[in-house]
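In this note's numbering, the protein residues as written are 9 to 180.
Quick notes on the structure that follows.
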(Lines of atoms letter the chains of each structure in order from A and count residues from 1; the text may use other names and numbers.)
(Lines give C-alpha, C1' and ligand atoms only; values in the text may rest on other atoms or scores of the structure.)
Protein backbone atom coordinates (compact mmCIF):
# COMPACT_ATOMS: atom_id res chain seq x y z
CA UNK A 1 0.00 0.00 0.00
CA UNK A 2 1.50 3.32 -1.00
CA UNK A 3 1.78 6.30 1.30
CA UNK A 4 -0.83 8.24 -0.73
CA UNK A 5 -3.38 5.41 -0.42
CA UNK A 6 -2.83 5.18 3.35
CA UNK A 7 -3.25 8.94 3.67
CA UNK A 8 -6.52 8.86 1.69
CA UNK A 9 -7.81 5.99 3.85
CA UNK A 10 -6.87 7.83 7.05
CA UNK A 11 -8.51 11.06 5.85
CA UNK A 12 -11.66 9.17 4.85
CA UNK A 13 -11.85 7.54 8.30
CA UNK A 14 -11.27 10.92 9.99
CA UNK A 15 -14.03 12.50 7.89
CA UNK A 16 -16.49 9.74 8.82
CA UNK A 17 -15.64 10.12 12.52
CA UNK A 18 -16.09 13.90 12.33
CA UNK A 19 -19.42 13.49 10.52
CA UNK A 20 -20.65 11.02 13.15
CA UNK A 21 -19.53 13.33 15.98
CA UNK A 22 -21.29 16.30 14.36
CA UNK A 23 -24.56 14.38 13.99
CA UNK A 24 -24.38 13.16 17.59
CA UNK A 25 -23.57 16.65 18.90
CA UNK A 26 -26.54 18.29 17.18
CA UNK A 27 -28.97 15.84 18.77
CA UNK A 28 -29.78 13.90 15.61
CA UNK A 29 -31.35 10.52 16.17
CA UNK A 30 -33.47 8.21 14.08
CA UNK A 31 -37.18 8.58 14.61
CA UNK A 32 -38.54 5.81 16.79
CA UNK A 33 -42.11 4.58 17.00
CA UNK A 34 -44.72 7.28 17.59
CA UNK A 35 -46.76 7.13 20.77
CA UNK A 36 -50.46 7.31 19.96
CA UNK A 37 -53.06 8.23 22.61
CA UNK A 38 -54.82 4.86 22.26
CA UNK A 39 -53.75 1.22 22.35
CA UNK A 40 -55.96 -0.20 19.60
CA UNK A 41 -57.54 1.26 16.48
CA UNK A 42 -59.91 -0.08 13.83
CA UNK A 43 -59.73 1.07 10.21
CA UNK A 44 -62.91 -0.36 8.65
CA UNK A 45 -63.11 -1.05 4.93
CA UNK A 46 -60.80 -2.44 2.29
CA UNK A 47 -58.96 0.01 0.01
CA UNK A 48 -55.35 0.68 -0.88
CA UNK A 49 -55.36 3.73 1.41
CA UNK A 50 -56.70 1.76 4.38
CA UNK A 51 -54.09 -0.96 3.81
CA UNK A 52 -51.29 1.64 3.80
CA UNK A 53 -52.69 3.28 6.96
CA UNK A 54 -52.86 -0.06 8.77
CA UNK A 55 -49.29 -0.89 7.76
CA UNK A 56 -48.05 2.53 8.95
CA UNK A 57 -49.82 2.23 12.31
CA UNK A 58 -48.44 -1.27 12.87
CA UNK A 59 -44.86 -0.38 11.92
CA UNK A 60 -44.53 3.23 13.12
CA UNK A 61 -46.46 3.36 16.38
CA UNK A 62 -47.25 1.66 19.67
CA UNK A 63 -50.89 0.99 18.67
CA UNK A 64 -52.31 -2.27 17.36
CA UNK A 65 -54.75 -2.47 14.47
CA UNK A 66 -57.84 -4.58 15.20
CA UNK A 67 -60.48 -5.69 12.70
CA UNK A 68 -63.53 -5.47 14.97
CA UNK A 69 -64.71 -1.92 15.72
CA UNK A 70 -66.06 -3.07 19.11
CA UNK A 71 -62.56 -4.18 20.20
CA UNK A 72 -60.93 -0.84 19.35
CA UNK A 73 -60.19 2.16 21.59
CA UNK A 74 -60.38 4.37 18.48
CA UNK A 75 -61.99 4.09 15.05
CA UNK A 76 -60.60 5.82 11.95
CA UNK A 77 -63.58 6.62 9.73
CA UNK A 78 -62.66 7.65 6.18
CA UNK A 79 -65.82 9.24 4.83
CA UNK A 80 -64.43 10.36 1.47
CA UNK A 81 -61.45 9.56 -0.73
CA UNK A 82 -61.37 11.14 -4.18
CA UNK A 83 -58.89 11.69 -7.01
CA UNK A 84 -59.40 14.16 -9.81
CA UNK A 85 -57.53 15.74 -12.68
CA UNK A 86 -58.11 19.43 -13.46
CA UNK A 87 -56.86 21.27 -16.54
CA UNK A 88 -54.45 24.06 -15.55
CA UNK A 89 -53.38 25.42 -18.92
CA UNK A 90 -53.91 24.99 -22.66
CA UNK A 91 -51.66 25.51 -25.67
CA UNK A 92 -52.49 28.11 -28.31
CA UNK A 93 -54.12 25.28 -30.29
CA UNK A 94 -56.45 24.43 -27.42
CA UNK A 95 -54.66 21.27 -26.33
CA UNK A 96 -53.96 20.52 -22.70
CA UNK A 97 -50.49 21.58 -21.60
CA UNK A 98 -50.69 21.07 -17.85
CA UNK A 99 -52.93 19.25 -15.38
CA UNK A 100 -53.31 19.47 -11.64
CA UNK A 101 -53.82 16.14 -9.88
CA UNK A 102 -55.87 16.39 -6.70
CA UNK A 103 -56.22 13.84 -3.94
CA UNK A 104 -58.81 14.54 -1.24
CA UNK A 105 -59.44 12.56 1.94
CA UNK A 106 -62.04 13.33 4.62
CA UNK A 107 -61.75 11.47 7.91
CA UNK A 108 -62.28 11.53 11.65
CA UNK A 109 -61.07 9.43 14.55
CA UNK A 110 -63.69 8.62 17.20
CA UNK A 111 -63.26 7.29 20.73
CA UNK A 112 -64.85 4.14 22.09
CA UNK A 113 -65.93 6.06 25.20
CA UNK A 114 -67.58 8.81 23.13
CA UNK A 115 -66.10 11.97 21.71
CA UNK A 116 -63.26 12.13 19.22
CA UNK A 117 -59.50 12.08 18.95
CA UNK A 118 -59.56 13.92 15.61
CA UNK A 119 -62.66 15.91 14.59
CA UNK A 120 -63.89 15.73 10.97
CA UNK A 121 -60.95 16.82 8.83
CA UNK A 122 -60.40 17.16 5.09
CA UNK A 123 -56.95 17.01 3.53
CA UNK A 124 -56.33 18.10 -0.08
CA UNK A 125 -53.03 17.26 -1.74
CA UNK A 126 -52.11 18.51 -5.22
CA UNK A 127 -49.41 17.91 -7.81
CA UNK A 128 -48.94 19.63 -11.16
CA UNK A 129 -48.05 17.55 -14.21
CA UNK A 130 -47.21 18.65 -17.74
CA UNK A 131 -48.97 16.80 -20.52
CA UNK A 132 -47.80 15.71 -23.94
CA UNK A 133 -50.06 13.31 -25.86
CA UNK A 134 -47.02 11.94 -27.72
CA UNK A 135 -45.43 10.58 -24.54
CA UNK A 136 -46.71 7.16 -23.48
CA UNK A 137 -45.43 7.17 -19.89
CA UNK A 138 -47.66 10.03 -18.69
CA UNK A 139 -50.33 7.67 -17.36
CA UNK A 140 -47.70 5.78 -15.35
CA UNK A 141 -46.31 9.07 -14.03
CA UNK A 142 -49.83 10.10 -13.04
CA UNK A 143 -50.37 6.86 -11.10
CA UNK A 144 -47.01 7.33 -9.36
CA UNK A 145 -47.96 10.86 -8.33
CA UNK A 146 -51.26 9.62 -6.88
CA UNK A 147 -49.35 6.92 -4.97
CA UNK A 148 -46.95 9.59 -3.62
CA UNK A 149 -49.88 11.77 -2.52
CA UNK A 150 -51.45 8.78 -0.78
CA UNK A 151 -48.15 8.09 1.03
CA UNK A 152 -47.88 11.79 1.98
CA UNK A 153 -51.39 11.66 3.41
CA UNK A 154 -50.56 8.56 5.48
CA UNK A 155 -47.53 10.33 7.00
CA UNK A 156 -49.62 13.47 7.72
CA UNK A 157 -52.24 11.26 9.37
CA UNK A 158 -49.61 9.54 11.52
CA UNK A 159 -48.32 12.92 12.75
CA UNK A 160 -51.91 14.05 13.42
CA UNK A 161 -52.69 10.87 15.37
CA UNK A 162 -49.53 11.28 17.47
CA UNK A 163 -50.61 14.84 18.37
CA UNK A 164 -54.27 13.93 19.03
CA UNK A 165 -55.91 14.55 22.39
CA UNK A 166 -59.25 13.05 23.45
CA UNK A 167 -62.08 15.57 22.97
CA UNK A 168 -65.65 15.40 24.21
CA UNK A 169 -68.48 16.27 21.77
CA UNK A 170 -68.88 19.83 23.11
CA UNK A 171 -65.14 20.57 22.68
CA UNK A 172 -64.95 20.38 18.89
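Positions of the beta carbon are idealized from the N, C-alpha and C atoms, including for glycine.
Beta-carbon proximity list for residue i, same chain, < 6 Å, skipping 5 on both sides
i           : result
residue 175 : 123 and 124
residue 86  : 115
residue 94  : 108
residue 60  : 162
Candidates the options, of which the one nearest residue i by Cα
i           : options              : result
residue 89  : 135, 67, 56 and 103  : 56
residue 169 : 118, 87 and 132      : 118
residue 131 : 141, 121, 114 and 46 : 114
residue 126 : 142, 82, 141 and 11  : 82
residue 205 : 140, 79 and 152      : Since the displayed the chain opens at 9 and closes at 180, residue 205 lies outside it and no answer follows.
residue 134 : 28, 92 and 147       : 92
residue 42  : 66, 32 and 26        : 66
residue 173 : 46, 154 and 12       : 46
residue 164 : 64, 34, 143 and 100  : 64
residue 129 : 144, 84 and 142      : 84
Nonlocal neighbours in the same chain, by C-beta distance under 7 Å from residue i, ignoring five residues either side
i           : result
residue 150 : 109 and 137
residue 44  : 69, 70, 71, 169 and 170
residue 139 : 104, 105, 106, 107 and 146
residue 160 : 133
residue 99  : 105
residue 29  : none
Boundaries (first-last residue) of the beta strand (DSSP E) holding residue i
i          : result
residue 99 : Premise fails: residue 99 is in no beta strand (DSSP E) and is neither H nor E.
residue 48 : 48 to 50
Close Cβ partners of residue i (< 8 Å) along its chain, the five nearest in sequence each way excluded
i           : result
residue 156 : 135
Quick one: which unbroken beta strand (DSSP E) runs of 3-plus residues sit fully inside the region 63 to 94? Chain order, please.
-> 72 to 74
Go through the region 115 to 174 residue by residue and report every complete run of the alpha helix (DSSP H) that reaches 4 residues or more, in order.
-> 146 to 171
Are there three or more Cβ pairs, one per stretch, closer than 8 Å when the region 41 to 52 is compared with the region 71 to 78?
-> yes
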